[in-house]
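The opening position of the sequence shown corresponds to residue 1 in full-length UniProt numbering, with each subsequent residue numbered one higher.
Glycine included, each C-beta is placed from N, C-alpha and C at the ideal position.
Predicted, not measured: the structure shown is a model, and the values here were computed from it.
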Amino acid sequence: MTSALALSPKEKLTVATLLKEFVPDKEVWVFGSRAKGTAKPYSDLDLAIIGEEPLPLLVRVGLEEAFSSSLLPWKVDVLDWATTDAVFRDLIQKDHIVIQTPLENIR
Numbered sequence: 001m002t003s004a005l006a007l008s009p010k011e012k013l014t015v016a017t018l019l020k021e022f023v024p025d026k027e028v029w030v031f032g033s034r035a036k037g038t039a040k041p042y043s044d045l046d047l048a049i050i051g052e053e054p055l056p057l058l059v060r061v062g063l064e065e066a067f068s069s070s071l072l073p074w075k076v077d078v079l080d081w082a083t084t085d086a087v088f089r090d091l092i093q094k095d096h097i098v099i100q101t102p103l104e105n106i107r
């Protein structure tokens, strides 16, 4: 398991591959229980796609469908940073892990 995120190497590779395919030019953060280290085995994975402009609808839907169709044993929630209110942004900024920087692989 990848200790901080509670992901196996195979799960981490799946997440990295899908992020690189759909949002290679975006920074991506994990937030919620997996970032806090309180995740249970089947806790969802909360991802914030960072950017000032909203994600194109086809990109967001494609990414969500790809995660849904993957063999990951838990749900992946995708949050578009550009459309997120300031209060929720503040909460996420306090407790997150960067898993992708633009055009780089997952860490």
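Got a sec? Which residues, its chain only, sit under 7 Å from residue i by beta carbon, not counting five neighbours each side?
| i | result |
| --- | --- |
| L5 | V30, R34, I97 |
| W74 | Y42, S43, D44, L45 |
Classify residue i as helix, strand or coil using the three-state DSSP reduction.
| i | result |
| --- | --- |
| L47 | strand |
| E64 | helix |
| I77 | The question names Ile, but residue 77 is Asp in the sequence shown. Correct three-state label for D77: strand. |
| E11 | helix |
| E27 | strand |
Alpha carbon to alpha carbon, how far is residue j from residue i? Give it in angstroms, no decimals.
| i | j | result |
| --- | --- | --- |
| E27 | A16 | 12 Å |
| S43 | K10 | 17 Å |
| P54 | F67 | 19 Å |
| G51 | S69 | 25 Å |
| L7 | I92 | 20 Å |
| T38 | F88 | 19 Å |
Indicate whether residue i and residue j have their beta-carbon atoms separated by less than 9 Å.
| i | j | result |
| --- | --- | --- |
| F22 | V76 | no |
| L103 | D46 | no |
| Q100 | K20 | yes |
| L18 | L71 | no |
| D95 | K36 | yes |
Leaving out five residues before and five after residue i in sequence, what residues of the same chain have Cβ atoms less than 6 Å from its Cβ?
| i | result |
| --- | --- |
| L79 | A48 |
| T2 | Note on T2: pLDDT 49, under 50, position unreliable in the model; the coordinate value appears next. Closer than 6 Å at the Cβ level, and outside the excluded window around T2, lie K12. |
Can you give me the Cβ contacts of residue i inside the same chain, cut-off strictly under 8 Å, excluding the 5 residues immediately before and after it?
| i | result |
| --- | --- |
| K40 | S33 |
| T14 | S70, L71, L72 |
On the three-pair Cβ rule with 8 Å, is the region 52-68 touching the region 84-103? Judged by Cβ distances under 8 Å, the region 52-68 makes no contact with the region 84-103, as fewer than three pairs qualify.
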